[in-house]
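Visitor: Sending over a structure as structure tokens; questions will come in a sec.
Numbering (our numbering), first residue to last: 25 to 128.
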């Protein structure tokens, strides 16, 4: 169930061009984001930079339980995605998703 909800939010963001893909893109778009999704294969130094910026901007982060290949497939892309920022989504949907994945 939780994957379906995540997939729905991601597909909605991609189809309406309300997302940024990749570590550099995400770093530049954190302030305007509603949710940051990180794969478990993201390098620790990049993860800590994104985490620090997201905390200071009060943007929730979701640690996706899969590698960058799996996150790329979830986004319906043929390439790896280690980080993704979403600028779309209802606050209640995002909070529900975070609680399903065990994130705060």
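Cβ coordinates follow ideal geometry from the N, Cα and C atoms, glycine included.
(1) Please work out which residues of its chain come closer than 8 Å, Cβ to Cβ, to residue 128, disregarding the five sequence neighbours upstream and downstream, and give them in chain order.
(2) Rounded to the nearest angstrom, what separates residue 15 and residue 70 at their Cα positions?
(3) On the three-state DSSP scale, how would you describe residue 106?
(4) Would you kindly work out how many angstroms separate the C-alpha atoms of residue 29 and residue 44, rounded to a whole number?
(5) What are the boundary residues of the beta strand (DSSP E) that residue 41 is part of?
(6) What residue range does the alpha helix (DSSP H) around residue 54 cover?
(7) Using a Cβ-Cβ cutoff of less than 7 Å, which residues in the same chain neighbour residue 73 once the five nearest sequence positions on both sides are dropped?
Guide: Walking through what the data contain:
(1) Any reading at residue 128 is ruled out, since the residue's pLDDT is 49, under 50, leaving its predicted position unreliable.
(2) This structure cannot speak to residue 15, because the chain is shown only from 25 to 128.
(3) coil
(4) 19 Å
(5) Counting along the chain, residue 41 falls outside any beta strand (DSSP E), and DSSP gives it neither H nor E.
(6) That residue, residue 54, is in no alpha helix (DSSP H); it is neither H nor E in DSSP.
(7) 51
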